[in-house]
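Using our numbering, the letters of the sequence shown correspond one by one to residues 94 to 379.
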Amino acid sequence: MINYNPKDWVTFIFHVHKADTIRTLWPLMLSVAAFSGLIAYLELNYLKLAETTFVKNIGMMHNLLGFVISMLLVFRTNTSYDRWWEGRRLLGALTNVSRNLAIKIKSLKLRPEHNEFFDYAIPKYAFALKEHLREKQYFGKNSLLIEVDAGKHIPNQVATSISSRVFELQASGEISQEQLLILNADVQQFTDICGGCERIKRTPIPYSYSAFIKKFIFIYVITLPFGWVFSLGYFVVPIVPFILYVLASLELIAEEIENPFGEDANDLPVDEICNNIEKHVGEILK
94 MINYNPKDWV TFIFHVHKAD TIRTLWPLML SVAAFSGLIA YLELNYLKLA ETTFVKNIGM
154 MHNLLGFVIS MLLVFRTNTS YDRWWEGRRL LGALTNVSRN LAIKIKSLKL RPEHNEFFDY
214 AIPKYAFALK EHLREKQYFG KNSLLIEVDA GKHIPNQVAT SISSRVFELQ ASGEISQEQL
274 LILNADVQQF TDICGGCERI KRTPIPYSYS AFIKKFIFIY VITLPFGWVF SLGYFVVPIV
334 PFILYVLASL ELIAEEIENP FGEDANDLPV DEICNNIEKH VGEILK
């Protein structure tokens, strides 16, 4: 995730960051500019269509479709941002439940080996979930405390180990039944958070909807020079690529943030959140 000062307008306007969509779109923008120049030349110099009324009125179609495409893009970006924000809320809940569980474990005055286990296990769940959402595997620095099977769901295995240790504490008489219920409520939240994150990752925007928007943008932009050339002349060469940049950038940004757990520039700071969980849990239990 990019850390920035929202009040620094100069940087926004003149600095091209690696996340700027122009880096991705410039080959297509150049192609559209060349196409627009060709259409302008053919209509104005070769076919002499400047006086043909019905061709000049083709821009009326774009006036109508411009409203439609703007509504589609607003819905697209809002839907993606909702997924991004829900992901941030889930990661915030993961941070809170990790701290709360560590505080409760510390308050129980358990033996040092139990504190050592939870000091390792709680952050390990966060790191295991992070790598799971990125379709990787995390085994941890000390696999002796919690052994995991690479062929199975690693976050679930870590959560199972935490839950098992809590029930063992109750069975051995080190915590009461009431304390077990309190700790178990926090442990259950780990799996709830994992399920929420998996729902975001594994349920993308429907394919037909995403494909339609891309086709709509392409057809809309590629037909702009045919009608606009009569009022703009060769100015369609810079103007049409700029319109492509605006419309396509909204779609690219929506694509990037709809899965907020990756490593793209605009994704959530998952690594930083996991590191903070490890740091804060360690401060509580040591």
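Even for Gly, the Cβ is constructed at its ideal location relative to N, Cα and C.
Item	Value
In chain order, what are the residue ranges of uninterrupted beta strand (DSSP E) at least 3 long that sit wholly in the stretch 188–267?	none
Give the secondary structure of residue 138 by DSSP, where H, G and I count as helix, E and B as strand, and everything else as coil.	helix
How would you write the range of the alpha helix (DSSP H) that residue 303 sits in, first residue to last?	300–315
Under a Cβ-count criterion, where at least 16 other Cβ atoms within 10 Å of its own Cβ denotes burial, should residue 166 be classed as buried or exposed?	buried
Quick one: is residue 354 buried, meaning 16 or more other Cβ sit within 10 Å of its Cβ, or exposed?	buried
Round the Cβ separation of residue 294 and residue 222 to the nearest angstrom and send it over; I've been treating them as touching at under 8 Å.	That pair is no contact at about 11 Å.
What do you reckon, are the CB atoms on residue 276 and residue 268 nearer than 9 Å?	yes
So residue 358 is in the alpha helix (DSSP H); what residue range does that whole segment cover?	No alpha helix (DSSP H) holds residue 358; DSSP gives it neither H nor E.
I'd like the list of long-range same chain contacts for residue 211, defined as Cβ closer than 7 Å, with 5 residues on each side in sequence excluded.	195, 198, 378
Do residue 118 and residue 303 have their beta-carbon atoms positioned less than 9 Å apart in this structure?	no
Assuming residue 184 contacts residue 374 under a Cβ cut-off of 8 Å, what Cβ separation, rounded to an integer in Å, is found between them?	The Cβ separation is near 15 Å, so there is no contact.
Going by beta carbon distance, what residues of the same chain come within less than 7 Å of residue 366, once the five residues before and after it are set aside?	184, 188
Which residue's Cα is closest to the Cα of residue 219: 309, 190, 272?	190
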